[in-house]
Amino acid sequence: MILEQLKKIVDSCFKQGVSEGKWSNKAAGKYSIEVPKRDGQGDYSTNMAMVMAGMEKKNPREIATALVELLRADNTMIEKLEIAGPGFVNIFLKKKVWQDVLQQVFIAGNDFGKSTVGNGKRVMVEFVSANPTGPLSIGHGRQAILGDAIARLLEATGYSVYREYYFNDAGRQMRVLGQSTRARYLELLGKDFEFPEDGYQGEYIVDIAKALQKEQGDSLVEEETVVPFTEKAVELIFADISSTLKRMGIIFDNYFNEHTLYDEGHIDSVVQELRDKGLVYQKNGAVWFKTTEFGHEQDRVIIKKTGEPTYRLPDIAYHREKFKRGFDWMIDIFGSDHIATVPDVMAGLKALGYDHEKVTVVLHQFVTLTRNGKQVKMSTRKATFVTVDELLDIVGPDVARFYFMMRKADSQLEFDLDLAMSEEKENPVFYVQYGHARLCSILRKAEELENMIPDLQKVNLALLTEPEEIQLLKRMASFPEVIESAAHDLAPHRALFFLMELAGDWHSYYNKHKVIDPEHVEQVVTDARLCLVKALRQVFKNGLEILGLTAPDRM
RNA sequence: GGUCCUGUAGCUCAGUAGGAUAGAGCACUAGAUUCCUAAUCUAGGUGUCGCGCGUUCGAAUCGCGCCAGGAUCACCA
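According to my numbering, the stretch in the first sequence is residues 2 to 556, in order.
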């Protein structure tokens, strides 16, 4: 907000310069205003003079001087101006500008940091989408948290968000699941059994078999089909998955079953439509989609010679349904192993006449687990993987969520179990949460002393002049921008880093300055600082909440 | 071989539309607590930003070419 105001001032000075013939309009929109890295270089700085220098063939410092003269006319925000380095104009703002941030925080309250830039646009975030063959693995965990955090950020910036989980409980994988379950069931009853070669070896299959035994006794021994086994397995695994998601605080608006696409004829109609457009042909008994028409290296099979579709076809049909359901924007969160499917789906959508740019795919890299400094080997087949549930048992939902959000999607994520389990010093989750708890503690103390939280209108905010206080005010002021940019770039980690930095500023301040200390701190200063504390608590609370983390009052 | 991602301090990683002397946490060392929670703070130092060339006032950031690691290239999903 402060940046926006300053931008207006700078822009109008730029225009004034144009109308006075000091420079041309060429640099419009090319220059920027940013926060300098180092102290002493102002609250903000602009590179306008340097951008212009190249275009106008003039000395940047001359332009900077002219710009400074124009900016000097402002007396609302600007305290001081300096020309530095190769031609930066450093802008120092009045302290009052920062002190007034507290007003904004109090007025906005729980909404501070949120915005309406999304303008109510309907966005679907599809994530997790694991088929019910077993418990959620660590990789799913990352995706679940990443997707949910992106959804939360979009909600915070004014989008209307719909969370969807796409799954398929049919096909070969389900047969194998049923066969595995039957084998375990027979094993439990001491009968002969044959475990499928590529069967699911996890302990959870045994649990499912036990549940079946409890409900059905030995009545399924003579069962010819695999159906009751598959059904039970799917039922229990799905219950397990949704309870894991619930533990992580994730609630989907809808679970979309691939079946729907067949039952309602969407698969057939996609094929028909592509056929009508001449983009489909028969070869070797299979049906091929001419993806080469869309710049791909080779065509792809969409219906096998067995008559079954490959995964591409339902994926395309599913995305078409998303469009038909009227979403303005569709975000898919996938693991990097899905990379090959993306171009095929996009080609399908293009072929069907949809604007594929409304689909954004976020691919995240893998997760590795380390423990005692060594990488934990994970294999689903051998069931040596760590499930999200087990992880939650070990570290709890806040820590799990925090760690999964700590890296940008493009980076591989190393999950250090030792660090995550630590309840002391080095755990960044507690560092941030402790910041909030400390603020609560001070406010409790204020109440105990019947000090009461002072009325903002009566407090003299001009008493907040310590460098650490200005730093905290600045940091708070940037919160809405951070949330907006994190949402825009679908990058929750950036909001998390903000909270860690805010916590750092706050812990330093806490150790250096007293808020409540009748002997050394004047009451009027305490009042002002209590306002600062209250506002800080609000920012911590909002930030933690937007990311789905809890904000404990005490620790 | 094609496509995508990654390569920044001993380790794990930030670095938003190219900006000034490249940052944080961990680890290591030494200190800080009569009083708002020491799950905290303060002070110590490290870098050919994988390599090379180019674009320009200016490159970790953009382009091209290499090198290394990961993912993926089914009539599996």
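For every residue, glycine included, the Cβ atom is placed at its ideal position computed from N, Cα and C.
Remember, it's a predicted structure, so these values are computed and weren't measured experimentally.
- prompt: In the structure shown, what three-state DSSP assignment does Q180 receive?
  reply: It is helical.
message: Using only the alpha-carbon positions, how far apart do D219 and Y186 sit?
response: Distance between the alpha carbons of D219 and Y186: 9 angstroms.
task: Note down the Cα distance separating W99 from D411, rounded to an integer number of angstroms.
output: In this structure, the straight-line span from the alpha carbon of W99 to that of D411 is close to 35 angstroms.
- request: Determine the burial state of M51: buried for a count of at least 16 other Cβ atoms within 10 Å of its Cβ, exposed for fewer.
  value: Classification for M51: buried.
query: If F403 and L550 are in contact, beta carbons under 8 angstroms, what's the gap, nearest whole angstrom?
result: Your pair F403 and L550 checks out as a contact, with CB atoms roughly 6 angstroms apart and the cut at 8 angstroms.
message: Could you give the first and the last residue of the continuous beta strand (DSSP E) run that contains M556?
response: Note, M556: premise wrong, no beta strand (DSSP E); not H, not E.
task: Pull up the CB-CB distance for F416 and V368, whole angstroms please, since I reckon it's below 8 angstroms.
output: With a Cβ gap of about 6 angstroms, F416 and V368 count as contacting.
Helix, strand or coil at E127 [DSSP, three-state]: The answer is strand: DSSP assigns E127 an E or B state.
message: Using 7 angstroms as the threshold, is the C-beta distance between T245 and L137 below it?
response: At the C-beta level, T245 and L137 come within 7 angstroms of one another.
field: Residue from G286, E322, F295, D316 with nearest C-alpha to K305
entry: Taking K305 as reference, the option from G286, E322, F295, D316 with the minimal CA-CA separation is G286.
field: C-beta contact flag for V227 and G179 at 7 angstroms
entry: Yes.
message: Please classify S20 as buried or exposed, where buried requires at least 16 neighbouring CB atoms within 10 angstroms.
response: With fewer than 16 neighbouring CB atoms inside 10 Å of its own CB, S20 falls in the exposed class.
query: If we call anything under 7 angstroms between Cβ atoms a contact, is E165 one with N255?
result: Taking 7 angstroms as the Cβ cut-off, E165 and N255 qualify as a contacting pair.
- prompt: Based on the DSSP output, what are the partners of Y256 in its beta bridges?
  reply: In DSSP, Y256 forms a bridge with Y166.
query: Looking at the structure shown, is Y312 part of a helix, part of a strand, or coil, going by DSSP?
result: DSSP places Y312 in coil when its eight states are reduced to three.
- request: Can you grab the Cα-Cα spacing for the pair F253 / I395, in whole Å?
  value: C-alpha of F253 to C-alpha of I395: approximately 25 angstroms in a straight line.
message: Counting C-beta neighbours from all protein chains within 10 Å, is the total for M556 16 or more, i.e. buried, or is it exposed?
response: It is exposed - the Cβ of M556 has fewer than 16 other Cβ atoms within 10 Å.
Close Cβ partners of M78 (< 8 angstroms) along its chain, the five nearest in sequence each way excluded: Taken in chain order, the residues that qualify are I3, Q6, L7, I10, L94, K95, V98.
message: Measuring alpha carbon to alpha carbon, tell me which residue in Q472, E265, F194, V36 is nearest L537.
response: When Q472, E265, F194, V36 are compared, the shortest CA-CA separation from L537 is found for Q472.
query: Ends of the alpha helix (DSSP H) at W330?
result: Residue range 330-336 is occupied by the beta strand (DSSP E) that includes W330, with no alpha helix (DSSP H) assigned at that position.
- prompt: Can we count L370 as close to the ligand GTP, meaning its CB is less than 6 angstroms from some heavy atom?
  reply: In the structure on display, the ligand GTP does not appear, and there are no ligands present to speak of.
field: Whole-number beta carbon distance between V106 and Q539, since they are thought to touch under 8 angstroms
entry: Their Cβ separation, rounded to whole angstroms, is 5 angstroms, which keeps Q539 and V106 in contact under 8 angstroms.
message: Spatial neighbours of K409 within its chain, please: C-beta separation below 7 angstroms, excluding the five flanking residues on both sides.
response: Excluding positions up to five away in sequence, the list reads A492, H494.
task: List the endpoints of the continuous beta strand (DSSP E) containing S46.
output: Taken as a continuous stretch (DSSP letters only), the beta strand (DSSP E) holding S46 covers 45-47.
task: Return the chain-ordered list of same chain residues with a C-beta closer than 7 angstroms to the C-beta of P61, the five sequence neighbours on each side being excluded.
output: Result list for P61: A50, M51, A54, P87, G88, in chain order.
- request: Return the chain-ordered list of same chain residues with a C-beta closer than 6 angstroms to the C-beta of V302, the five sequence neighbours on each side being excluded.
  value: Excluding residues within five positions, the ones whose Cβ falls inside 6 angstroms are A287, W289, T311.
query: Does the pairing of the stretch 454-470 with the stretch 521-530 give three or more beta-carbon distances under 8 angstroms?
result: When Cβ pairs closer than 8 angstroms are counted between the two stretches, the stretch 454-470 is seen to touch the stretch 521-530, the count reaching three or more.
- request: Below 8 angstroms on the Cβ atoms is my guess for T134 versus E485; work out the distance and round it to an integer in Å.
  value: Between E485 and T134 the Cβ distance is about 39 angstroms, and since that is not below 8 angstroms, they are no contact.
message: Taking only three categories from DSSP, how would you classify K31?
response: Coil, per DSSP.
- prompt: Are there three or more Cβ pairs, one per stretch, closer than 8 angstroms when the stretch 387-394 is compared with the stretch 323-339?
  reply: No, they do not touch.
query: Cα-Cα, which of G43, F15, Q283, R313 is closest to K31?
result: Closest in alpha carbon position to K31, among G43, F15, Q283, R313, is F15.
task: Count the other C-beta atoms from every protein chain shown that fall within 10 angstroms of the C-beta of L275, then say buried if there are 16 or more, exposed otherwise.
output: Buried, by the Cβ-count rule.
field: Every unbroken beta strand (DSSP E) within the stretch 239-303, with a cutoff of 3 residues, ordered by chain
entry: For the stretch 239-303, whole beta strand (DSSP E) runs of length 3 or above, ordered along the chain, are 255-258, 281-284, 287-290.
Proximity below 7 angstroms, CB of G119 to CB of Y160: The answer is yes: Cβ separation under 7 angstroms.
query: Under 7 angstroms, do D554 and C441 count as touching if we go by C-beta distance?
result: Note that the C-beta distance between D554 and C441 is below 7 angstroms.
query: Three-state secondary structure (DSSP) at Q539?
result: Three-state result, Q539: helix.
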